[in-house]
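What follows is a set of notes on a single structure, which appears directly below.
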Amino acid sequence: TGDGCECDQCYHGLDCSELMSNCSVDLSSGTPTLFQDYWTANLEASAAFIPGNFRLGYSDGNLEGLESAVRKLHATVGNVNMDGRQLVMSAGSTQMIFGLLYAISAVNRENGFQGKTAVTSAPPYYNLYSYGTKMESSELFEWRAYADVINASAPSINFVVSPNNPDGRLGDPEFPPPSVAIHDFAYYWPHFTAITAEADYDVMLFTLSKVSGHAGSRVGWVWLRDARLAEVLRLYLMIHSITMSHESQYRAIKLISAITDGYASAAERTASLTGFTPQAAAAEGRLFHFAKLVMQNRWDRLHSVLGTTGTDSQTRVTIQALPPAASCGFFQQTVTPSPAYAYLHCRLATDPDCFELLRANGIVGRPGVVFGGDSSFVRLSLLGRESDFVLTLERLKTIAES
Ligand code: PMP
């Protein structure tokens, strides 16, 4: 099995080869276990050993090592313009999202705005934005529907995600000032989309979770142009958690260094994807080649079962149309998008609840309504284990042919 101690979901037996009857595959969460095989092939390069006397204090030797590893990662990939920006680190981008909502709306108050800053995102949007904003019940900000905010002149916060979770679309527009766009670039990495330019915005959010797969280590960061915003955000993070876990920092430095070491030369970055298998890419320590090949292969197999939307999609369940192929500055070749999620559509009026149709066929996704979409859509994560993906494909085929 992937982690050596338990079987993949839906399998059991001594060698984990027996399929359990009536087992649903759960693809509802974006937990990125596809990276497990890569790290299994790179154990030594990525291992972090932490002795008992390592950094006991709150902030002894804090953050510099991680910050320089993150800078090197972006310099290697070429996905961010770091000039004139401050880097702020936190325990995952989830913590940063709430820090940013606080900091942006608190700075709006400092600048004389009396009301609550509206928070929004164009549907379908990542569900945490709306759930989390509502749960905060803040005096400073509140969740509002996109259509109500788009033409308003009051300050607002607009989450722009590219490629988007759940549907992989690229580059929603910003609203004009005084709105602030939080550009969430959780998925702006070469395995999901072409790196077409260095992103160059005021607020750019990143997470280790979807780069290396270490979602449980809780490492996120943001690039900020505004110094006052960075100051208020740091205060928020200090009050909420004092500092990031030193163990997380240490592990993240090891992992990120293992990734950048694999791409020390330009030749390593631009090695043709077609010349590689995922296994060979993992053996050579090239994480982005590995992950791109796995993701691309999953999309190819999905398209062969469900067709390509906009052309031949007459199946009962269709898949979202992807943005066109584009030239990737990292791989130095044209790549087709391979986003993290399939956003399925049950196109028949007789299938109003797509989540239920899939569930009845042994696939648990995340229903479209939670993303501000409707119940004819379901999101499936493509970031899980191969065995789950294979079962899912078989079951999608059964639905498509029904
Ligand atoms: N933003 C987006 C768009 C995401 O999809 C996710 C994870 N699903 C996050 C942020 C949160 O990531 P993290 O693990 O860093 O909290």
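Heads up: the sequence shown begins at 21 in our numbering, then just goes up one per residue. Backbone N, C-alpha and C fix where the C-beta goes; we use that ideal spot for every residue, glycine too.
Asked                                                                                                                                                                                        : Found
Assign L307 to buried or exposed, taking buried as 16 or more other Cβ atoms, counted over all protein chains shown, within 10 Å of its Cβ.                                                  : buried
Answer with buried or exposed for S66, where buried requires no fewer than 16 other C-beta atoms within 10 angstroms of its C-beta.                                                          : buried
Going along the chain, which residues put their C-beta within less than 6 Å of some heavy atom in the ligand PMP?                                                                            : G50, G112, S113, T114, Y146, V181, N185, D204, A206, T227, S229, A235, G240
Could you pull out every residue in the same chain whose Cβ sits closer than 7 Å to the Cβ of T21, ignoring the five residues on either side in sequence?                                    : Legend: pLDDT at T21 = 40, less than 50; position of this residue unreliable, value from coordinates given subsequently. Here the set comprises C27, D28, C36.
For H32, list the residues DSSP reports as bridge partners.                                                                                                                                  : E38
Just reading off the alpha helix (DSSP H) that G119 is part of, what are its end residues?                                                                                                   : 112–130
Relative to the alpha-carbon of E38, which residue among A286, G240, L411 has its alpha-carbon at the smallest distance?                                                                     : L411
Starting from the C-beta of F226, find all residues in its chain whose C-beta is less than 6 Å away, skip the five residues before and the five after it, and write them out in chain order. : F205, W241
Once you ignore the five residues that flank I215 on each side, which residues in its own chain have a CB closer than 7 Å to its CB?                                                         : V97, G98, N99, C348, G349, F350
Just how far apart, CA to CA, sit R189 and H260?                                                                                                                                             : 33 Å
Would you mind sorting C43 into buried or exposed? The rule is 16 or more other CB atoms within 10 Å of its CB.                                                                              : exposed
Per the DSSP calculation, C348 is bridged to which residue(s)?                                                                                                                               : Q353
Between which two residues does the beta strand (DSSP E) harbouring H203 extend?                                                                                                             : 200–204
Looking at the strands, I want to know which residues DSSP matches up with V139.                                                                                                             : W163, I177
Under the rule that 16 or more other beta-carbon atoms within 10 Å means buried, what is G24, buried or exposed?                                                                             : Per-residue confidence for G24 stands at a pLDDT of 49, beneath the threshold of 50, marking its modelled position as unreliable; the derived number appears in the next sentence. Burial call: exposed.
Going by DSSP, what residue range makes up the beta strand (DSSP E) through F226?                                                                                                            : 223–227
How far does the alpha helix (DSSP H) with G152 in it reach, from first residue to last?                                                                                                     : 147–156
Mapping DSSP to helix, strand and coil, what is L378?                                                                                                                                        : helix
Might you give, ordered along the chain, the residues of its own chain that have their beta carbon closer than 6 Å to the beta carbon of S125, omitting 5 neighbours on each side?           : T137, L160, F161
Note down the Cα distance separating E156 from L148, rounded to an integer number of angstroms.                                                                                              : 12 Å
If you scan the stretch 249–314 from start to end, which runs of the alpha helix (DSSP H) of 4 or more residues do you find wholly inside it?                                                : 266–281, 286–290, 298–303
Contact defined as beta carbons within less than 8 Å: I believe L322 pairs with A278. What is the distance between those atoms, to the nearest angstrom?                                     : With 8 Å as the limit, L322 and A278 do not qualify as a contact, their Cβ atoms being about 30 Å apart.
Under the three-state reduction of DSSP, which class applies to D46: helix, strand or coil?                                                                                                  : strand
Do C374 and F397 have their beta-carbon atoms positioned less than 7 Å apart in this structure?                                                                                              : yes
What would DSSP say about V97, mapped onto helix, strand or coil?                                                                                                                            : helix
Since W209 contacts V181 with CB under 8 Å, what's their CB separation in whole angstroms?                                                                                                   : Not confirmed; about 13 Å, so no contact.
Whose C-beta lies closer than 6 Å to the C-beta of D222 among residues of the same chain, with five residues either side of it excluded?                                                     : R245
Compare the beta carbon distance of A217 and T335 with 7 Å and say whether it is the shorter of the two.                                                                                     : no
Can you list, in chain order, the residues of its chain whose CB lies under 7 Å from that of V90, leaving out five sequence neighbours each side?                                            : L107, W241, I276
From what residue to what residue does the alpha helix (DSSP H) around L416 run?                                                                                                             : 406–420
Helix or strand or just coil, what does DSSP make of Q56?                                                                                                                                    : helix
Taking the continuous alpha helix (DSSP H) assigned at A65, which residues delimit it?                                                                                                       : 63–66
What does DSSP give as the partner residue(s) for F397 in the beta ladder?                                                                                                                   : H365
What did DSSP end up calling T21 once you bin it into helix, strand or coil?                                                                                                                 : For T21, the predicted model reports a pLDDT of 40, less than 50, meaning its position is unreliable; a value from the coordinates is still stated below. The answer is coil: DSSP assigns T21 none of H, G, I, E or B.
Please say whether R318 and A253 have beta carbons closer to each other than 7 Å?                                                                                                            : Note that residue 253 corresponds to Leu in the displayed sequence, not to Ala. Cβ atoms of L253 and R318: not closer than 7 Å.
Residue range of the beta strand (DSSP E) that W241 falls in?                                                                                                                                : 240–244
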